[in-house]
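Participant: Take 1 as the starting number for the sequence shown in the UniProt record's numbering and just add one per residue. Built from N, CA and C at the ideal position, the CB exists for glycine as well. These numbers were taken from a predicted model, which means no experiment stands behind them.
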Amino acid sequence: MNHHGSFQFCSRTVCSSPFFPGLLAILNPVPLFTMPLQEFVSVWVRDPRIQKEDFWHSYIDYEICIHTNSMCFTMKTSCVRRRYREFVWLRQRLQSNALLVQLPELPAKNLFFNMNNRQHVDQRRQGLEDFLRKVLQNALLLSDSCLHLFLQSHLNSEDIEACVSGQTKYTVEDAIHKFALMNRRFPEEDEEGKKENDIDYDSESSSSGLGHSSDDSSSHGCKMSTAPQES
1 MNHHGSFQFC SRTVCSSPFF PGLLAILNPV PLFTMPLQEF VSVWVRDPRI
51 QKEDFWHSYI DYEICIHTNS MCFTMKTSCV RRRYREFVWL RQRLQSNALL
101 VQLPELPAKN LFFNMNNRQH VDQRRQGLED FLRKVLQNAL LLSDSCLHLF
151 LQSHLNSEDI EACVSGQTKY TVEDAIHKFA LMNRRFPEED EEGKKENDID
201 YDSESSSSGL GHSSDDSSSH GCKMSTAPQE S
């Protein structure tokens, strides 16, 4: 290409052709090579916190953060808090929807788990993060709507199951957008979600709404089953 921005060809035939100026006009603004966009999904499990359930019981929940450019996700960035029992429910649900897939294991239950023991808590946190990373590498599991609601909404397990089975007035995408508008922590991307201001959540879910479930207490110490007690 010369300093005037025109292509220089070795062939005199091409340069002398009456179609050459038009050819330059077409080619100049178009890059000769386009690198495909590399898709990624990053997940972090962090910030364990002790939550008081009542006078006698408390539990630990963890913040799950997602950053992605994958078309599989409704929101490209999100943070939600979940607890161990909800992970157990998620694994059971994913397994029931993908019987031939060998799911990764969750960190094993520890009868002597002490929520005040930093090592115990961090080992579980790391195990939960490893579980999610492996799940998100499987295309079949990534297509499960339960996974997306688990990662990008505050619906509890019962409301997630109702939503994916079509028993709610709101869709999976509605629930995720509503949660994003209520809990935005990252810079707004392309102003997505602004159009979701008037989602009507039906009364059948009013008991939990977009609330966080609390079913696992422990004793103080790209188309989109009840778990045992936490120990």
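Whole angstroms is fine: what's the gap from GLN38's alpha carbon to ASN69's?
Facilitator: 9 angstroms
Participant: Identify whether GLU39 lies in helix, strand or coil by the three-state DSSP scheme.
Facilitator: coil
Participant: Count the other C-beta atoms from every protein chain shown that fall within 10 angstroms of the C-beta of LEU181, then say buried if there are 16 or more, exposed otherwise.
Facilitator: exposed
Participant: Is TYR84 near ILE50, with beta carbons less than 9 angstroms apart?
Facilitator: The answer is no: Cβ separation not under 9 angstroms.
Participant: Can you give the Cα-Cα distance for ILE133 and GLN92, rounded to whole angstroms?
Facilitator: It is Arg, not Ile, that sits at residue 133 in the sequence shown. Spanning the two alpha carbons is a distance of roughly 17 angstroms.
Participant: Could you give the residue range of the beta strand (DSSP E) that holds HIS154?
Facilitator: Counting along the chain, HIS154 falls outside any beta strand (DSSP E), and DSSP gives it neither H nor E.
Participant: Assign PHE131 to buried or exposed, taking buried as 16 or more other Cβ atoms, counted over all protein chains shown, within 10 Å of its Cβ.
Facilitator: Buried.
Participant: Short check: CB of VAL164 to CB of CYS146, under 9 angstroms?
Facilitator: yes
Participant: Candidates SER157, GLN126, ASP174: which alpha carbon is nearest GLU63's?
Facilitator: GLN126
Participant: Thinking C-beta only, is LEU142 closer than 9 angstroms to CYS72?
Facilitator: yes
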